[in-house]
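Chemist:
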Amino acid sequence: TVERVNNDIAQQIHELVKTDFFKYYKLNLYKECPFWTENGQCINRACAVETTDEAISSSRVVAQQRSCDQDFCVVEDEADVEGVYVNLHDNPERFTGYAGASAGRVWKAIYEENCFNYHSRDSDQPSKNKFTGLFQSISEKPEATGGEACFEKRVYYKLISGLHSSISIHICDEYLNQTTGQWGPNLDCFISRFGSHPERIQNAYFTYVVLLRSISKMSEYLRGYKFCTGDEIQDAEVKEMVGRLVNTAESCPGTFDERQMFSSPQSRLLKEEFKAHFRNVSRIMDCVGCEKCRLWGKLQTSGLGTALKVLFSYDDEYFNPKVHPNLLTRTEIVALFNTFNRFSESLQAIERFRQMYQQRIDDLKVVGSHVSTRMPDPESIETPPIVITKPLNVTNETTNHFPETGFLIDLLISIKEMISPHAMRIYSMVLQKLEQWHIPIPVSL
6 TVERVNNDIA
16 QQIHELVKTD
26 FFKYYKLNLY
36 KECPFWTENG
46 QCINRACAVE
56 TTDEAISSSR
66 VVAQQRSCDQ
76 DFCVVEDEAD
86 VEGVYVNLHD
96 NPERFTGYAG
106 ASAGRVWKAI
116 YEENCFNYHS
126 RDSDQPSKNK
136 FTGLFQSISE
146 KPEATGGEAC
156 FEKRVYYKLI
166 SGLHSSISIH
176 ICDEYLNQTT
186 GQWGPNLDCF
196 ISRFGSHPER
206 IQNAYFTYVV
216 LLRSISKMSE
226 YLRGYKFCTG
236 DEIQDAEVKE
246 MVGRLVNTAE
256 SCPGTFDERQ
266 MFSSPQSRLL
276 KEEFKAHFRN
286 VSRIMDCVGC
296 EKCRLWGKLQ
306 TSGLGTALKV
316 LFSYDDEYFN
326 PKVHPNLLTR
336 TEIVALFNTF
346 NRFSESLQAI
356 ERFRQMYQQR
366 IDDLKVVGSH
376 VSTRMPDPES
386 IETPPIVITK
396 PLNVTNETTN
406 HFPETGFLID
416 LLISIKEMIS
426 PHAMRIYSMV
436 LQKLEQWHIP
446 IPVSL
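Take 6 as the starting number for the sequence shown in the numbering used here and just add one per residue.
1) Considering only the alpha carbon of each residue, which of VAL315, ALA312, LYS276, ILE289 lies closest to TRP41?
2) Where in the stretch 198-260 do unbroken runs of the alpha helix (DSSP H), each at least 4 residues long, occur, reported from the N-terminal end onward?
3) Please identify the residue among ALA312, PHE324, ASN92, PHE199 whose C-alpha is closest to the C-alpha of ILE176.
4) What are the boundary residues of the alpha helix (DSSP H) that ASN285 is part of?
5) If you measure between the beta carbons of ALA354 and ASP240, is that distance less than 7 Å?
6) Going along the chain, which residues of its own chain have a beta-carbon closer than 6 Å to the beta-carbon of CYS257, five neighbours each way excluded?
7) Is the stretch 274-294 touching the stretch 180-198, taking contact as three or more C-beta pairs under 8 Å?
8) Give the range of the beta strand (DSSP E) segment to which TYR30 is assigned.
9) Taking the alpha carbon of PRO330 as the point to measure from, which residue in ARG273, ASP368, LYS231 has its own alpha carbon closest?
10) At the level of alpha carbons, what is the spacing between ASP13 and GLY248?
11) Using a Cβ-Cβ cut-off of 8 Å (strictly less than) and excluding sequence neighbours within five positions of GLU2, which residues of its own chain qualify?
12) Among LYS158, ASP368, GLU157, SER197, which residue has its Cα nearest to the Cα of ILE459?
13) Please classify TYR35 as buried or exposed, where buried requires at least 16 other C-beta atoms within 10 Å of its C-beta.
14) Please state if the CB of PHE345 and the CB of ILE18 are separated by a distance shorter than 7 Å.
15) Between the C-alpha atoms of VAL215 and ILE206, what's the straight-line distance to the nearest angstrom?
16) Helix or strand or just coil, what does DSSP make of GLU20?
17) Given a cut-off of 7 Å on the beta-carbon distance, is the pair GLU296 and CYS38 in contact?
18) Under a three-way DSSP split, which group does LEU455 fall into?
19) Expressed to the nearest angstrom, what Euclidean distance is found between the alpha-carbon atoms of ARG159 and VAL371?
20) Is THR57 helix, strand or coil when you go by DSSP?
21) Which one or two residues does DSSP pair with GLN183 in a beta bridge?
22) Exposed or buried, GLN305, counting other C-beta atoms within 10 Å across all chains shown (16 or more means buried)?
23) Give the DSSP bridge partners of GLY189, in chain order.
24) List the whole-angstrom C-beta distance separating PRO326 from GLY229, where the pair is believed to meet the contact cut-off of C-beta under 8 Å.
25) Might you give, ordered along the chain, the residues of its own chain that have their beta carbon closer than 7 Å to the beta carbon of ALA15, omitting 5 neighbours on each side?
26) Roughly how many angstroms lie between the CA atoms of TYR29 and ILE220, to the nearest whole one?
27) By how many angstroms is the C-alpha of VAL22 removed from the C-alpha of TYR319?
28) How big is the Cα-Cα spacing for THR334 and LYS314?
29) Compute the beta-carbon to beta-carbon distance between LEU164 and LYS222, rounded to the nearest angstrom, for a pair I have assumed lies under 8 Å.
30) Report the CB separation of ASN343 from GLY308 in whole angstroms; it is logged as a contact under 8 Å.
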């Protein structure tokens with residue numbers, strides 16, 4: 006399964022992106038939005054990006070000649086004087102509070118203006134697919150919905166949806182608890198985004214498989230690539246780490262077969278349209294009003310675009326590092342591996358959320374059992390535990406002044422989320438008693 010493969014490779018890619026070669030990324034973070042006037046800039050402190058001194062190491066910038074015609078995205082130029090260096094580990098992808106009309110406008114543009122007007126009818130299969138089954142579910146023709154979308158367009162949609170899903174997973178997994186000030190997973194956030202949309206999770210798995218296949222395809226090129234940071238010892242370590250990761254990727258079962266795409270008589274025109282749409286996506290990322298969100302949106306769009314370039318622009322023989330040593334820029338390689346790491350962490354986060362959800366279900370079962378065996382009949386409570394002559398407008402803290410009501414309050418909170426007719430009847434009856442006795446009801450109820 007995809008999970009088993011990710012378990013084998015997750016620690017390797019996680020350690021690799023911590024190295025100097027992979028953690029520094031240069032990009033133009035302040036390009037103007039080319040599609041509309043963007044006034045929805047996030048002023049939250051969490052949205053800001055910490056840049057790094059330009060002089061970290063001139064050896065990290067390697068000028069390379071390349072053909073732009075093969076690119077599936079707008080590639081960041083490390084020689085761009087307006088570009089800034091960013092330490093990706095100092096600027097993690099997580100919840101920033103950026104939302105609303107500005108964020109919605111970006112994703113609306115990506116889906117509606119750059120997805121061939123295709124609306125998905127995703128399979129209801131569980132996300133734990135074997136590799137062949139995962140690819141087959143994409144290649145099968147969908148039911149007619151007023152016009153069939155070709156295989157390439159369905160793949161395109163699922164890649165974009167997978168990217169969106171992965172970003173959303175990280176927002177929920179690195180969520181700020183504004184009460185405690187601590188960062189951590191937010192199960193309610195995850196449920197609200199994916200509970201009714203299991204196909205979004207499947208699309209994240211699919212995009213992971215595509216990224217993995219691109220790394221496997223260019224394995225010879227990566228083994229011969231010169232990783233240069235100015236530190237010969239670290240360069241050798243990075244080369245060895247990349248070699249181990251590539252070996253693991255190559256040992257995985259068959260995943261994505263790119264030869265099935267762009268094989269029709271119209272393939273040349275379709276591929277150009279595919280490229281144009283994806284380049285537009287990378288330009289739309291300049292319209293994101295949150296700096297940190299823009300950073301990770303641009304990087305991951307570039308990483309996914311690099312994977313598509315590897316899969317669809319070159320045959321296998323092109324990946325001979327001696328013949329084509331500058332086939333990919335350092336920026337593209339850094340973006341590809343960091344994007345793959347983000348998807349790897351997304352898959353791990355999905356497993357954590359599954360466990361958290363199961364734990365919540367188990368806890369509710371325990372509470373339900375406790376309530377059914379120890380709870381008194383609300384109708385048998387004839388006199389209130391305290392009489393209040395004047396109703397009060399109170400908050401949760403106010404109930405501390407009425408300790409006699411503690412049992413009822415605790416009971417209500419414990420069963421509030423239980424979805425059963427019995428619990429809801431009890432909940433309603435006790436609320437009626439509290440109102441009858443003029444006992445303040447906490448806002449948490």
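Cβ coordinates follow ideal geometry from the N, Cα and C atoms, glycine included.
Modeler: Short version:
1) What you label residue 41 is simply residue 36 of the sequence shown in a count that begins at 1. Minimum Cα distance to TRP41 is reached at ILE289.
2) 203-222, 224-229, 237-256
3) The residue labelled residue 176 in the question sits at position 171 within the sequence shown. It is PHE199 whose Cα lies nearest to the Cα of ILE176.
4) The residue given as residue 285 occupies position 280 in the sequence shown. That run of the alpha helix (DSSP H) goes 272-289.
5) Working through the sequence shown from its first residue, we reach residue 354 at position 349. Working through the sequence shown from its first residue, we reach residue 240 at position 235. The answer is no: Cβ separation not under 7 Å.
6) What you label residue 257 is simply residue 252 of the sequence shown in a count that begins at 1. These residues qualify, in order along the chain: VAL10.
7) no
8) On the sequence shown, position 25 is the one that residue 30 refers to. Segment 29-32, the beta strand (DSSP E) holding TYR30.
9) Translated into the one-based positions of the sequence shown, residue 330 becomes position 325. Among ARG273, ASP368, LYS231, the Cα nearest to that of PRO330 is on LYS231.
10) What you label residue 13 is simply residue 8 of the sequence shown in a count that begins at 1. What you label residue 248 is simply residue 243 of the sequence shown in a count that begins at 1. C-alpha separation (whole angstroms): 14 Å.
11) Residue 2 falls outside the range modelled here, since the chain spans only 6 to 450, and no answer is possible.
12) Shown here, the chain extends from 6 to 450; a query on residue 459 therefore has no answer.
13) In the sequence shown, the residue the question calls residue 35 occupies position 30. That one is exposed.
14) For this step, residue 18 is matched to residue 13 along the sequence shown. For this step, residue 345 is matched to residue 340 along the sequence shown. Result yes, Cβ atoms of ILE18 and PHE345 sit closer than 7 Å.
15) To locate residue 215, count along the sequence shown from 1; it is residue 210. To locate residue 206, count along the sequence shown from 1; it is residue 201. Taking the straight line from one Cα to the other gives about 15 Å.
16) Within the sequence shown, numbered from 1, the residue matching residue 20 stands at position 15. The answer is helix: DSSP assigns GLU20 an H, G or I state.
17) Looking up residue 296 in the sequence shown gives position 291. Looking up residue 38 in the sequence shown gives position 33. Going by C-beta atoms, GLU296 is not nearer than 7 Å to CYS38.
18) Coverage of the chain is limited to positions 6 through 450, which leaves residue 455 absent and any answer about it impossible.
19) Position 154 of the sequence shown holds residue 159. Position 366 of the sequence shown holds residue 371. So the two alpha carbons sit approximately 44 Å from each other.
20) Your numbering for residue 57 matches position 52 in the sequence shown. In the structure shown, THR57 sits in a strand (DSSP, three-state: E or B).
21) As a working mapping, residue 183 is identified with position 178 in the sequence shown. GLN183 is not bridged to any residue.
22) As a working mapping, residue 305 is identified with position 300 in the sequence shown. GLN305 is buried by the Cβ-count criterion.
23) Walking along the sequence shown from the start, residue 189 turns up at place 184. BP columns for GLY189 point to TYR180.
24) Your numbering for residue 326 matches position 321 in the sequence shown. Your numbering for residue 229 matches position 224 in the sequence shown. Rounded, the Cβ-Cβ distance is 3 Å, consistent with contact.
25) As a first step, residue 15 is located in the sequence shown; it is residue number 10 there, counting from the start. The residues are SER349, GLN353.
26) Residue 29 sits at position 24 when you count from the first residue of the sequence shown. Residue 220 sits at position 215 when you count from the first residue of the sequence shown. Straight-line Cα distance between these residues: approximately 20 Å.
27) Residue 319 sits at position 314 when you count from the first residue of the sequence shown. Residue 22 sits at position 17 when you count from the first residue of the sequence shown. Each residue's Cα considered, the two are about 26 Å apart.
28) Here residue 334 refers to the residue found at position 329 when the sequence shown is read from its first residue. Here residue 314 refers to the residue found at position 309 when the sequence shown is read from its first residue. Answer to the nearest angstrom: the Cα atoms are 12 Å apart.
29) The residue given as residue 164 occupies position 159 in the sequence shown. The residue given as residue 222 occupies position 217 in the sequence shown. That pair is no contact at about 16 Å.
30) Here residue 343 refers to the residue found at position 338 of the sequence shown. Here residue 308 refers to the residue found at position 303 of the sequence shown. About 6 Å; that satisfies the 8 Å criterion.
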